[in-house]
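Novice: Here my numbering = 1-based position in the sequence shown + 10. By construction, the Cβ of each residue, glycine as well, lies at the ideal position given by its N, Cα and C atoms. The model shown is predicted, which means the values in this text are computed figures rather than measured ones. Following this message is one structure expressed as structure tokens.
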Amino acid sequence: MSQRISLLFGVHAHQPVGNFSSVLIDAHARCYKPFFQVLHRYPEFRFAVHFSGWLLDYLLQHFPEDMVLLREMVDRQQVELFGAGDTEPVLAAIPNRDRIGQIKTFSDKLLAKLGQYPQGAWLTERVWESTVIPALADCGIRYVIVDDYHFLCAGKSPHELNGYFTSEEDGRKLDLFPISEMLRYKIPFSPAHETIAYLEDLAGNSLESCVAAVYFDDIEKFGIWPETYQWVYENGWLEQFIQGVLASSRISTQHYSEYHASEKTRGIIYLPTVSYIEMNEWTLPAQAASTYADLVQQAKNSSWYEHKKAYLRGGIWKNFFSRYPESNWMHKRMLGLSARLNSLPKRQQTRLMRQKLYEAQANDAYWHGLFGGLYLPHLRRAIYNALIELEALLDSCIQRPAYFTEDTDLDGIAEVYMHNGMLQAIVKLDSFASICEFDAYLLKHNFGDTLRCQVEHYYQKIQPGEQHPSSHSASGIASAHDRISYKHEISSEDIKADDHPRSLFIDRLNGMFVTYQFNASALENIHFQSKNTEYPVHKHIILDQNRLQVMYRFSAKLSQRFSTEINLAMPSCDGIAGRYVYQGKIPGGFGQLLELASVTEIILDDDTLMGNIVLTTTSPVNFIGHPHYSVSQSESGFEKIMQALTIRLEWPITTQEMTVTLAINSRNR
11 MSQRISLLFG VHAHQPVGNF SSVLIDAHAR CYKPFFQVLH RYPEFRFAVH FSGWLLDYLL
71 QHFPEDMVLL REMVDRQQVE LFGAGDTEPV LAAIPNRDRI GQIKTFSDKL LAKLGQYPQG
131 AWLTERVWES TVIPALADCG IRYVIVDDYH FLCAGKSPHE LNGYFTSEED GRKLDLFPIS
191 EMLRYKIPFS PAHETIAYLE DLAGNSLESC VAAVYFDDIE KFGIWPETYQ WVYENGWLEQ
251 FIQGVLASSR ISTQHYSEYH ASEKTRGIIY LPTVSYIEMN EWTLPAQAAS TYADLVQQAK
311 NSSWYEHKKA YLRGGIWKNF FSRYPESNWM HKRMLGLSAR LNSLPKRQQT RLMRQKLYEA
371 QANDAYWHGL FGGLYLPHLR RAIYNALIEL EALLDSCIQR PAYFTEDTDL DGIAEVYMHN
431 GMLQAIVKLD SFASICEFDA YLLKHNFGDT LRCQVEHYYQ KIQPGEQHPS SHSASGIASA
491 HDRISYKHEI SSEDIKADDH PRSLFIDRLN GMFVTYQFNA SALENIHFQS KNTEYPVHKH
551 IILDQNRLQV MYRFSAKLSQ RFSTEINLAM PSCDGIAGRY VYQGKIPGGF GQLLELASVT
611 EIILDDDTLM GNIVLTTTSP VNFIGHPHYS VSQSESGFEK IMQALTIRLE WPITTQEMTV
671 TLAINSRNR
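Here is the structure:
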């Protein structure tokens, strides 16, 4: 008698908190809607679905007719719903109290909106640390899904991974299903009949009576990834696959809950801290990533990689915090506000506070690889919007000192915080004496939210000026992991690393960086004095209502030129909604180069921000404004993204004092 295999088929649907509505509408049209319409026609095909909470809320609000299909599939027991943290946090990167809150919030939402409380959970980016077990178990989660790679790293062999295993931590247990890497790469990229034949071979080759083939991966591969809409829907891959599975005498679809209830664990296992295999490279700095990639290629050339890849490991997900200072800063600011919220008396903790904290824990803006949104300003902006709103809510309950120092990001260099209820300036006490975060509470915006350019490992794939077409053949389509394509033309200058942070008020004298030391004598302002100039330069940073003032005092009139660089995160970036206003006219947008002489006032107006900055100087300056771009990769190819508006103010030292003022104004929101 031929063996049968249980296909545990699941899809993960996610859009980042703060993503553009146009992206969500397109994702629905090309993926979510056609996917559920096809699956709804086949009630015998059982599968699992995980939505991130923010996306589920959006779809329920904007596309209720399609969500009715999902509810019907849940009611007729075709669909099993999977839980997770509500805003798709990496559970290992947030405090345990917030893990419990996030998981319970989303599980309750699934029960209320779709009528099912989850037994299983999706782990964001499949980031596994054993410390997440207690929170999951305490919230009623009985099993999670991770990659088969996780099990290989624990010493298991591939032929053992045909069911689920059990782990434990601090007296709580959790069962773990291994996702098949082979199925992740075959579905939906290989022809449907080849994938079905592969599944049938798994059934025929197994000595076990109850074998599980585990698939759980991004639903966006079914329509949003390059070429997949035509392949999956217009060419009929999805229907061919479903029909082939249902027609097979060797394959049966099951819910994870059904398999879990009917089968016993394959035994105890303790997994190392790990994510999916591609993350090994992405989490490493460029040089280390290149070394790792070279070793992987050598292993593949020597034909031993597939058998021993578990022993050739790179970094872990949390390395993104040590690799990208901007990610680390957001993360540590989030942790600080989580602690402040938790320290409030329960009667003062509100649902809005908790919602904003959870939004600030959404994973996407904290990391970068082929996926991940650290390079996307609108996703970082969503994190800061939530952080700043939460901070204002907390300040309304228990006010902080107007001036204090701490080492927020744990880099060994303290920061000075100044705030007055309207604005907050956080100054890094390093040699640049620059402002690393500049918040406007009414606008819920951090003008210091920029990203410096650093070398990425994948830059070695870029040949400036060269374009690579996407590949497509009759035997299938290429995965985004295997593509080299370009959304923009990239030059060698575009991938040059910065030699300074992209913060506010980076000073130069005759083109050379001015280095400062902190003077803590006055509390009404932050005072620095230069260390590397012939005559001392004094720099004072002052908050006055809605104005940030940076005052320079020079000890002598010199025939030298001084300049300061101000990097500003303007939400409109290089879009049409951001522009300069000078002497009543609009000389250009933020995406253009603008050079003006003898300027004492210019307005930076931004419709997306619903506000503007009025920049004034006490003496005329030369004004140079230009966009700051970074180059990153995504599933769509290499692209240039505007990270900040970079302004350089230059003037000769003919007066002993100069004050630069940024006045922040808000239009009615």
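Suppose the cutoff is 7 Å on Cβ atoms and the five residues either side in sequence are ignored; what does the same chain contact list for Gly-254 look like?
Specialist: Ala-202, His-203, Ile-206
Novice: Between the Cα of Val-27 and the Cα atoms of Leu-17, Ser-62, Ile-35, which residue gives the shortest distance?
Specialist: Ser-62
Novice: Which residues bound the beta strand (DSSP E) around Met-363?
Specialist: Looking at the DSSP string, Met-363 is not in any beta strand (DSSP E); the run it does join, the alpha helix (DSSP H), is 361-370.
Novice: Return the Cβ separation of Leu-34 and Gln-25 in integer angstroms, given the expectation that the two are a contact with Cβ distance under 8 Å.
Specialist: 6 Å
Novice: Can you find the residues in the same chain that come closer than 6 Å, C-beta to C-beta, to His-537, ignoring five residues on each side of it along the sequence?
Specialist: Asn-529, His-550
Novice: Give the secondary structure of Tyr-286 by DSSP, where H, G and I count as helix, E and B as strand, and everything else as coil.
Specialist: coil
Novice: Which runs of the beta strand (DSSP E) fall wholly inside the region 58-133 and span at least 3 residues, in chain order?
Specialist: 89-91, 130-132
Novice: Take Asn-556 as the anchor and find which of Phe-448, Tyr-592, Arg-512, Thr-525 has the nearest alpha-carbon.
Specialist: Phe-448
Novice: When burial is assigned at 16 or more other CB atoms within 10 Å of the CB, is Pro-74 buried or exposed?
Specialist: Label assigned to Pro-74: exposed.
Novice: When we look at the beta-carbon of Glu-611 and count the other beta-carbons within 10 Å, is it buried (16 or more) or exposed?
Specialist: Label assigned to Glu-611: exposed.
Novice: Could you check whether Gly-233 and Arg-40 sit closer than 9 Å to each other, using their CB atoms as the reference points?
Specialist: Here Arg-40 is near Gly-233, since their CB atoms are less than 9 Å apart.
Novice: Would Tyr-271 and Leu-18 be called neighbours here (beta carbons separated by less than 9 Å)?
Specialist: Here the sequence assigns Ala to residue 271, which means Tyr is not the residue at that position. No, Cβ-Cβ distance for Ala-271 and Leu-18 is not below 9 Å.
Novice: Excluding five sequence neighbours on each side, which residues of the same chain lie with their C-beta closer than 7 Å to the C-beta of Ala-435?
Specialist: Met-428, Ile-445, Phe-448, Ile-551, Leu-553, Leu-558
Novice: Measure the alpha-carbon distance for Asp-517 versus Tyr-545 and round it to whole angstroms.
Specialist: 15 Å
Novice: For the region 354-368 against the region 310-320, are there 3 or more C-beta pairs whose distance is under 8 Å?
Specialist: Short answer: they don't touch.
Novice: Could you work out which residue in Tyr-385, Ile-596, Arg-51, Gln-264 is closest to His-638 when comparing CA atoms only?
Specialist: Tyr-385
Novice: From which residue to which residue does the alpha helix (DSSP H) around Ser-608 run?
Specialist: No alpha helix (DSSP H) contains Ser-608, which is instead part of the beta strand (DSSP E) from 604-616.
Novice: Can you list, in chain order, the residues of its chain whose CB lies under 8 Å from that of Ala-147, leaving out five sequence neighbours each side?
Specialist: Arg-182, Lys-183, Leu-184
Novice: Can you tell me whether Arg-677 is buried or exposed, with buried defined as 16 or more other CB within 10 angstroms of its CB?
Specialist: Its Cβ having fewer than 16 others within 10 Å, Arg-677 is exposed.
Novice: Are Arg-14 and Ser-262 closer than 9 Å when you measure CB to CB?
Specialist: yes
Novice: Nearest to Phe-572 by CA position, among Phe-564, Asp-227, Tyr-394, is which residue?
Specialist: Phe-564
Novice: What span of residues does the beta strand (DSSP E) with Thr-301 cover, start to end?
Specialist: Premise fails: Thr-301 lies in the alpha helix (DSSP H), 296-311, not in any beta strand (DSSP E).
Novice: Assuming His-467 is part of the beta strand (DSSP E), what are its boundary residues?
Specialist: That residue, His-467, is in no beta strand (DSSP E); it is neither H nor E in DSSP.
Novice: Taking the alpha carbon of Val-221 as the reference point, which residue from Pro-511, Gln-87, His-388, Lys-274 has its own alpha carbon closest?
Specialist: Lys-274
Novice: Since Thr-574 and Phe-515 are thought to touch, with beta carbons under 8 Å apart, how far apart are those beta carbons, to the nearest angstrom?
Specialist: Contact flag correct, Cβ pair sits at about 5 Å.
Novice: Does DSSP put Ala-654 in a helix, in a strand, or in coil?
Specialist: strand
Novice: From what residue to what residue does the alpha helix (DSSP H) around Gly-431 run?
Specialist: Unbroken run through Gly-431: none, as it is neither H nor E.
Novice: Bridge partners for Trp-138 per DSSP, in chain order?
Specialist: Val-284
Novice: Would you check if the distance between the CB atom of Ile-674 and the CB atom of Met-344 is smaller than 9 Å?
Specialist: Cβ distance not < 9 Å, so Ile-674 and Met-344 don't count as in contact.
Novice: Beta carbon of Thr-134, beta carbon of Glu-336: below 9 Å?
Specialist: Their beta carbons are not under 9 Å apart, which means Thr-134 does not touch Glu-336 by this criterion.
Novice: Measuring CB atoms only, is the region 118-132 touching the region 165-181, in the sense that at least three cross pairs come out at less than 8 Å?
Specialist: Touching, no, given that fewer than three Cβ pairs across the two stretches are closer than 8 Å.
Novice: Below 8 Å on the Cβ atoms is my contact criterion, and I expect Ile-229 with Phe-45 to pass it. Report the Cβ-Cβ distance as a whole number of Å.
Specialist: Contact between Ile-229 and Phe-45 holds, since their C-beta atoms are separated by about 6 Å, short of 8 Å.
Novice: Whole angstroms are fine: how far does the CA of Glu-416 sit from the CA of Ser-16?
Specialist: 55 Å
Novice: Verify whether the separation of the beta carbon atoms of Ile-423 and Leu-439 is less than 9 Å.
Specialist: The answer is yes: Cβ separation under 9 Å.
Novice: Near Leu-80, which residues of its chain fall below 8 Å by C-beta distance, leaving aside the five closest residues on each side in sequence?
Specialist: Phe-46, Val-59, Val-89, Leu-124
Novice: Taking the alpha-carbon of Val-156 as reference, which of Gly-130, His-455, Gln-666 has the nearest alpha-carbon?
Specialist: Gly-130
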